[in-house]
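Reading through the structure tokens given below for one structure.
Numbering (our numbering), first residue to last: 97 to 335.
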């Protein structure tokens with residue numbers, strides 16, 4: 097005959113040893129206790145949490161225990177429903193055996209799945225937001241900024257301010273003698289430029305010619321027909 101009380105006491109001792117920081121006794125008779133389950137995540141990642149409350153029935157483990165979610169964090173209503181359905185399925189599969197550790201482990205894995213789903217949803221939302229932002233930029237570039245009285249007056253004010261600044265800078269440069277002169281103004285202010293071309297031409301007339309290159313040209317016999325400028329009608333009788 098199964099001693100249900102002894103099996104329950106032995107399981108309670110084991111659970112308190114396995115979950116020292118999350119196991120809490122609520123009632124002693126009938127035995128009722130809670131185990132806090134937290135998702136396993138990396139550093140700086142969001143976590144979800146569920147506090148499961150179990151209560152032994154008289155013939156446990158031949159009959160499934162009572163269970164409920166006493167508290168939770170970052171879980172949606174649909175998540176809670178999924179966890180309760182999971183607990184029911186696991187309890188039916190493990191009738192006849194102590195099962196609290198099995199039920200808690202199943203919930204732990206479910207919480208990890210929920211965190212992964214949350215992470216995937218966030219990444220998807222981020223991608224959609226980035227895509228929408230890119231589309232808005234492309235749309236703005238394609239269509240340009242609509243002309244309104246307000247943005248025209250704003251542009252006109254900036255344009256006038258820039259024009260005043262340019263004229264101010266030009267005036268300051270003129271006063272400081274830094275204005276860039278035109279070609280006419282350069283000739284009027286620098287008289288050395290008047291004779292610069294003449295000096296260049298005079299220097300060019302000093303080219304030395306090697307006359308020996310032309311000494312043999314007298315020996316060449318050129319036909320009149322070879323002369324492109326030859327015209328027989330223009331030749332005089334004397335020639």
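Glycine included, each C-beta is placed from N, C-alpha and C at the ideal position.
CB contact flag (residue 111, residue 191, <7 Å): Here residue 111 corresponds to residue number 15 of the chain shown, with the count starting at 1. Here residue 191 corresponds to residue number 95 of the chain shown, with the count starting at 1. Going by C-beta atoms, residue 111 is not nearer than 7 Å to residue 191.
As assigned by DSSP and simplified to three states, the class of residue 144: Indexing the chain shown from 1 puts residue 144 at position 48. DSSP places residue 144 in coil when its eight states are reduced to three.
Enclosing alpha helix (DSSP H) for residue 272 [first to last residue]: Position 176 of the chain shown, counting from 1, holds the residue named residue 272. Looking at the DSSP string, residue 272 is not in any alpha helix (DSSP H), and its letter there is neither H nor E.
Boundaries (first-last residue) of the alpha helix (DSSP H) holding residue 183: Sequence index remark: in the chain shown, residue 183 carries index 87 (1-based). Segment 173–189, the alpha helix (DSSP H) holding residue 183.
Residue 155 versus residue 143: straight-line alpha-carbon distance, rounded: Locating residue 155 in the chain shown gives position 59, counting from the first residue. Locating residue 143 in the chain shown gives position 47, counting from the first residue. Residue 155 and residue 143: Cα-Cα distance of roughly 36 Å.
Beta-bridge partners of residue 133, as assigned by DSSP: Here residue 133 refers to the residue found at position 37 of the chain shown. Bridge partners of residue 133: 146.
Nonlocal neighbours in the same chain, by C-beta distance under 7 Å from residue 107, ignoring five residues either side: Looking up residue 107 in the chain shown gives position 11. Excluding positions up to five away in sequence, the list reads 194 and 196.
7 Å Cβ cutoff met for residue 126 and residue 151: Counting from 1 along the chain shown, the entry for residue 126 is found at position 30. Counting from 1 along the chain shown, the entry for residue 151 is found at position 55. Yes.
Cβ contact check for the stretch 127–137 and the stretch 204–219: 3 or more pairs under 8 Å: yes
Boundaries (first-last residue) of the beta strand (DSSP E) holding residue 123: Residue numbering aside, residue 123 sits at position 27 when the chain shown is read from its first letter. Residue 123 -> beta strand (DSSP E) spans 119–124.
Residues near residue 231 in its chain [Cβ-Cβ closer than 6 Å; skip 5 each side]: Locating residue 231 in the chain shown gives position 135, counting from the first residue. Around residue 231: no qualifying Cβ.
Supposed contact pair residue 128 and residue 149 - C-beta distance, whole angstroms, cut 8 Å: Numbered from its first residue, the chain shown carries residue 149 at position 53. Numbered from its first residue, the chain shown carries residue 128 at position 32. Indeed, because the Cβ distance is near 7 Å, the residues count as touching under 8 Å.
CB of residue 200 within 7 Å of CB of residue 131, strictly: As a working mapping, residue 200 is identified with position 104 in the chain shown. As a working mapping, residue 131 is identified with position 35 in the chain shown. Yes, the pair counts as a contact, with Cβ atoms nearer than the cut-off.
DSSP three-state assignment for residue 151, whether helix, strand or coil: By one-based count along the chain shown, residue 151 stands at place 55. Note: residue 151 maps to strand in three-state DSSP.
Endpoints, the alpha helix (DSSP H) within which residue 192 is located: For the purposes of this step, residue 192 is identified with residue 96 of the chain shown, where counting begins at 1. Careful: residue 192 lies outside any alpha helix (DSSP H) and carries neither H nor E.
Cα-Cα separation between residue 349 and residue 258, rounded to whole angstroms: Since the first and last residues shown for the chain are 97 and 335, residue 349 lies out of range.
Beta-carbon proximity list for residue 115, same chain, < 6 Å, skipping 5 on both sides: Position 19 of the chain shown, counted from the first residue, corresponds to residue 115. Cβ within range, chain order: 131.
Close Cβ partners of residue 153 (< 8 Å) along its chain, the five nearest in sequence each way excluded: Translated into the one-based positions of the chain shown, residue 153 becomes position 57. For residue 153, where only same-chain residues beyond five positions count, the Cβ hits under 8 Å are 126, 159, 160, 161 and 162.
Residue 332 (DSSP reduced to helix, strand or coil): Mapped onto the chain shown, residue 332 falls at position 236. The pLDDT assigned to residue 332 is 49, lower than 50, so where the model puts this residue is not dependable; a value taken from the coordinates is nonetheless given after this. Of the three classes helix, strand and coil, the one that applies to residue 332 here is coil, per DSSP.
Straight-line Cα distance separating residue 246 from residue 178: Position 82 of the chain shown, counted from the first residue, corresponds to residue 178. Position 150 of the chain shown, counted from the first residue, corresponds to residue 246. Computed Cα separation, rounded: 56 Å.
Where residue 169 falls: helix, strand or coil (DSSP): Translated into the one-based positions of the chain shown, residue 169 becomes position 73. Residue state, collapsed to three classes: strand.
CB-CB length for residue 198 against residue 186, believed under 8 Å: The sequence position of residue 198 within the chain shown is 102, counting from 1. The sequence position of residue 186 within the chain shown is 90, counting from 1. Rounded, the Cβ-Cβ distance is 6 Å, consistent with contact.
Run of the alpha helix (DSSP H) containing residue 108, from where it starts to where it stops: Locating residue 108 in the chain shown gives position 12, where the first residue counts as 1. That run of the alpha helix (DSSP H) goes 100–114.
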